[in-house]
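Chemist: Protein chains in written order, with this note's numbering: chain A, 1 to 116; chain B, 1001 to 1114. Here a beta-carbon is modelled for each residue, glycine too, at the ideal position from N, C-alpha and C. Only a predicted model underlies this, so the values are computations on that prediction, with no experimental measurement involved.
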Amino acid sequence: AQSVAQPEDQVNVAEGNPLTVKCTYSVSGNPYLFWYVQYPNRGLQFLLKYITGDNLVKGSYGFEAEFNKSQTSFHLKKPSALVSDSALYFCAVRLPPSGSARQLTFGSGTQLTVLP
Amino acid sequence: NAGVTQTPKFQVLKTGQSMTLQCAQDMNHNSMYWYRQDPGMGLRLIYYSASEGTTDKGEVPNGYNVSRLNKREFSLRLESAAPSQTSVYFCASSEAGIGGTEAFFGQGTRLTVV
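1. Return the chain-ordered ranges of every beta strand (DSSP E) run that is complete within the region 50-101 of chain A and spans a minimum of 3 residues.
2. Does the separation of the CB atoms of P79 (chain A) and P18 (chain A) fall below 7 Å?
3. Mark V1114 (chain B) as exposed unless 16 or more other C-beta atoms lie within 10 angstroms of its C-beta, in which case mark it buried.
4. From the DSSP output, which residues share a beta bridge with A1092 (chain B)?
5. With 7 Å as the limit, tell me which residues of the region 32-61 of chain A have their beta carbon closer than that to any beta carbon of chain B; keep them in chain order.
6. Would you verify that the beta carbon of Y1048 (chain B) is, or is not, closer than 7 Å to some beta carbon of chain A?
7. With Q6 (chain A) as the anchor, note down where its beta strand (DSSP E) starts and where it stops.
8. Under DSSP, the beta strand (DSSP E) around Q1025 (chain B) begins and ends at which residues?
9. At a Cβ cut of 8 Å, what residues of the region 1053-1083 of chain B count as close to chain A, listed as they run along the chain?
10. Which residue marks the beginning of the beta strand (DSSP E) containing Y1048 (chain B), and which one marks its end?
11. Could you tell me whether any Cβ in chain B is nearer than 7 Å to the Cβ of L104 (chain A)?
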């Protein structure tokens, strides 16, 4: 079975400061890892993914995430937060396909608030 | 460039009523999914369809049925709605059999069962 944990329900950060949204996962095998963002009354939007290769992945809107296999983590980061980054962020894990579709398993979400 | 389209956007049902949530994607994706989103619980998979003609249960299938009408469309039916089904429902699609492709989501259906 695969699972994802986002240990913080809420993260507050001042505009211009770096931000980190934490994610840890549990899966047997080599996972595919994703970050999605949800703005109010909208569907989820894809931010970035880790498949293989470089542990630092860059995505949309200046976000990046670092895959750490030994700590089974995939934390989302941004060097300088914007008020417009305030949203609900979801981490997700998926096992590589092996002849059939594999569904995403989502974390419970972290509400990021960037304070002006 | 519509992506994933869900209808309706909002719905209020009385307990025991039935309804069908519609979903269509125009990206030629093989896999489609229905999730529900509840506060503090993230997204939970209700049903998914790996390809046209196949459907499988997800984490929380009880009280729901699905139909993969064709490659584009994947509907979710509530036969006898219950207050516990009050939630926001999201349809998503993705490629299958190709490593690491992301899912694309619709804007959601906010359902209230009274």
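Modeler: The answer reads as follows:
1. 56-58, 64-68, 73-78, 87-94
2. In the first sequence, residue 79 (chain A) corresponds to position 79, counting from 1. In the first sequence, residue 18 (chain A) corresponds to position 18, counting from 1. Yes, Cβ-Cβ distance for P79 (chain A) and P18 (chain A) is below 7 Å.
3. As a working note, residue 1114 (chain B) is residue 114 in the second sequence. V1114 (chain B) comes out exposed.
4. Along the second sequence, read from residue 1 onward, the residue named residue 1092 (chain B) stands at position 92. BP columns for A1092 (chain B) point to B:Y1033, B:F1105.
5. Y32, F34, R42, G43, L44, F46, K49, I51
6. In the second sequence, the residue the question calls residue 1048 (chain B) occupies position 48. For Y1048 (chain B), the answer is yes, since a Cβ of chain A falls inside 7 Å of its Cβ.
7. Residue numbering aside, residue 6 (chain A) sits at position 6 when the first sequence is read from its first letter. Here Q6 (chain A) belongs to no beta strand (DSSP E), and DSSP marks it neither H nor E.
8. Counted from its first residue, the second sequence places residue 1025 (chain B) at position 25. First-last of the beta strand (DSSP E) with Q1025 (chain B): 1019-1025.
9. G1058
10. Here residue 1048 (chain B) refers to the residue found at position 48 when the second sequence is read from its first residue. 1043-1049 is the extent of the beta strand (DSSP E) around Y1048 (chain B).
11. For the purposes of this step, residue 104 (chain A) is identified with residue 104 of the first sequence, where counting begins at 1. Interface residue, yes.
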